[in-house]
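Under the numbering used here, the sequence shown has 1115 at position 286, and the numbering climbs by one with no breaks. Here a beta-carbon is modelled for each residue, glycine too, at the ideal position from N, C-alpha and C. Below is one structure, written out as structure tokens, with a few remarks after it.
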Amino acid sequence: MTDSTSGAARMACGNTLIPCTPTARVEDRRFDADAGSPADDRYMDPGDFVVQTCHALLENIDTLVDEVAREIMREEPTYGAAGAVAAADLRNNNRENLRGVLAHLAGKPSTGTAFAVATGRLRAEQGVPLPIVLRAYRIGTRVVWDRMVVMTGGDSVAAQSLLSRASDIWRLVDDYSQALTSGYQESIAEQHRRDASARAAALEALLRGEVEGAERLRACADTIRIPIPGSYTVVCAAAESTAVEPIPGTAETLSTLGIRSAWQTRLHSGVGIVALTESFTIERLGGLLRERARDAVGISPVFGDLAHAHTALRKAELACAAADSGEREVLRYEQGLLGVLIASSPEVAHSLVEEVLGPIMALHEHDRTTLLTTLSAWFRWGGNITDLSERLFVHRNTVRFRLNRITELTGKNLSVPGEATELHFALRAANIVRQLTSWTATHN
830 MTDSTSGAAR MACGNTLIPC TPTARVEDRR FDADAGSPAD DRYMDPGDFV VQTCHALLEN
890 IDTLVDEVAR EIMREEPTYG AAGAVAAADL RNNNRENLRG VLAHLAGKPS TGTAFAVATG
950 RLRAEQGVPL PIVLRAYRIG TRVVWDRMVV MTGGDSVAAQ SLLSRASDIW RLVDDYSQAL
1010 TSGYQESIAE QHRRDASARA AALEALLRGE VEGAERLRAC ADTIRIPIPG SYTVVCAAAE
1070 STAVEPIPGT AETLSTLGIR SAWQTRLHSG VGIVALTESF TIERLGGLLR ERARDAVGIS
1130 PVFGDLAHAH TALRKAELAC AAADSGEREV LRYEQGLLGV LIASSPEVAH SLVEEVLGPI
1190 MALHEHDRTT LLTTLSAWFR WGGNITDLSE RLFVHRNTVR FRLNRITELT GKNLSVPGEA
1250 TELHFALRAA NIVRQLTSWT ATHN
């Protein structure tokens, strides 16, 4: 290369002529995205083409900002007058991000990736999809890179200098993209937490009957995404603890079917409001719940005013308490009124259990469970000793012994219809009392 070439090579940037000198070897400069600053402060040769170019671009930052904004708005309709991001917002954001990147490459003090994080959070709040935000970053990077290529003016030394720093440039762009993604995801996570909290509060208010007035009712319905007007039912499913999902996958399945619902997990139950339709009736809902139930499930009658959700919840709870948990029964309130009647009078239920089954309830847990299981099976399978022995996997004489033991302890003979009825009611009451006790502990 001649002296004139090596010492006086120049390139154009607007009206600015920048001398290009041969580039010294530039050491790898890692960028710490978390800290938002270079991982080291090693000396950068002021004669480096990229350094000089970045200085020139910073001096003409408004021109570069306009060019980047035009390209982004041309390729992505989300940005600009008709999109979610106004042109002025885009330009202001571009200016800060470009200043940060160019200042770092020029070896000047830089804000690091902090503004990229802020950009990600802002775009998430504006509802711009992350792929579109990242594409805008790539478009901006492409514009800057193309400008740098043009500024080499075809000079081989300048071009070589630019290529030698390419990995640094793209690594820095990657750091900014990662920071933007991190900010975006943090904002989305915060939005999800806020939305979940708002939905939980709105659902709890409805189920407690604390929503007054049509406007507040509609606001709650909008928050939990339940349509108004409509036909609704409340579901209550028993659960051993919050660690066990009572009816797994139900909310997702309903959503797939286009059915709106809102659910809440409690200590010993899961409850939900389901919006029914002409095609998705309460009968279809019952069938769906039977496929997934792990314990007793109660369903309220259909109602048409969300303001009555708290009353429907009480009926669903009573139906759940009246359902047979051992059989994972799904019971509609209006179809289990006998059990509901017992459940609606806890004091009477307690007295019935104590009066009829008291001696059995006083036994050690193993003996108590054995006799109650046998008694339940006797009613379920019609009192046939042979069927009971097969289903309980014990000898027929063992079944007879247990039944005689029940008679001895309670004074009630299963062969006498009236006394058998008392035992049946008391057995139902014992199951109901257990459920009601769990809910009382939960609500208190």
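First and last residue of the beta strand (DSSP E) that includes residue i?
i: L1086; result: Unbroken run through L1086: none, as it is neither H nor E.
i: S939; result: Unbroken run through S939: none, as it is neither H nor E.
i: Y1061; result: S1060 to A1067
i: A1091; result: S1090 to T1094
In this structure, how does DSSP classify residue i when only helix, strand and coil are distinguished?
i: A1008; result: helix
i: F1132; result: strand
i: G1038; result: coil
i: L1192; result: coil
i: G1127; result: strand
i: R920; result: helix
i: R1161; result: strand
i: F1254; result: helix
i: D1003; result: helix
i: A987; result: helix
i: A1110; result: Reading the sequence as shown, one finds Thr at residue 1110 and not Ala. Three-state result, T1110: coil.
i: G1211; result: coil
i: G1187; result: helix
i: E1156; result: coil
i: V1073; result: coil
State yes or no: is the C-beta of residue i within less than 8 angstroms of the C-beta of residue j?
i: L1117; j: T1082; result: yes
i: Y1162; j: G1133; result: no
i: A965; j: Y908; result: yes
i: V879; j: S1006; result: no
i: L1228; j: L1238; result: First, the amino acid is wrong: residue 1228 is Val here, not Leu. Contact: no.
i: S1011; j: V962; result: no
i: R1338; j: L1200; result: The chain is shown only over 830 to 1273; residue 1338 falls outside these bounds and no answer can be derived.
i: L1122; j: C1149; result: Position check: residue 1122 holds Ala in this sequence, whereas Leu was assumed. Cβ atoms of A1122 and C1149: not closer than 8 angstroms.
i: A898; j: R920; result: yes
i: A1151; j: V1063; result: no
i: L1147; j: S1173; result: yes
i: T1154; j: K1144; result: The sequence as given places Ser at residue 1154; Thr does not occur at that position. No. Outside cutoff.
i: L1135; j: Y1061; result: yes
How is the alpha helix (DSSP H) around residue i delimited, first residue to last?
i: Q955; result: A943 to Q955
i: V879; result: F878 to E888
i: V914; result: Segment: none, V914 is in no alpha helix (DSSP H) and carries neither H nor E.
i: A1152; result: Taken as a continuous stretch (DSSP letters only), A1152 belongs to no alpha helix (DSSP H), as it is neither H nor E.
i: F817; result: Here the chain comprises residues numbered 830 to 1273, so residue 817 is not present and cannot be evaluated.
i: P960; result: L959 to M980
i: S1174; result: Looking at the DSSP string, S1174 is not in any alpha helix (DSSP H), and its letter there is neither H nor E.
i: L1243; result: Taken as a continuous stretch (DSSP letters only), L1243 belongs to no alpha helix (DSSP H), as it is neither H nor E.
i: E1275; result: Limits of the chain in this structure are 830 at one end and 1273 at the other, which puts residue 1275 out of reach.
i: R1047; result: A1043 to I1053
i: E1219; result: I1214 to L1221
Since residue i contacts residue j with CB under 8 angstroms, what's their CB separation in whole angstroms?
i: A1050; j: S1098; result: That belief does not hold up - the Cβ atoms of A1050 and S1098 are roughly 23 angstroms apart, past 8 angstroms.
i: I1017; j: A953; result: 5 angstroms
i: I1053; j: R1028; result: 5 angstroms
i: A1104; j: S1090; result: 7 angstroms
i: A935; j: C883; result: 4 angstroms
i: V1182; j: E1251; result: Not confirmed; about 11 angstroms, so no contact.
i: Y1013; j: R967; result: Not really, about 15 angstroms apart at Cβ, beyond 8 angstroms.
i: L1036; j: T948; result: Between T948 and L1036 the Cβ distance is about 41 angstroms, and since that is not below 8 angstroms, they are no contact.
i: V1040; j: L1046; result: 5 angstroms
Sorry if obvious, but does the Cβ on residue i come closer than 7 angstroms to a heavy atom of the ligand ADP?
i: L1118; result: With respect to small molecules bound, the structure shown includes none, and the ligand ADP cannot be examined in it.
Looking at the strands, I want to know which residues DSSP matches up with residue i.
i: S1098; result: A1067
i: A1138; result: DSSP, once it has assigned bridges, lists no residue as partnering A1138.
i: A1104; result: Y1061
i: Y1013; result: DSSP lists no partner for Y1013.
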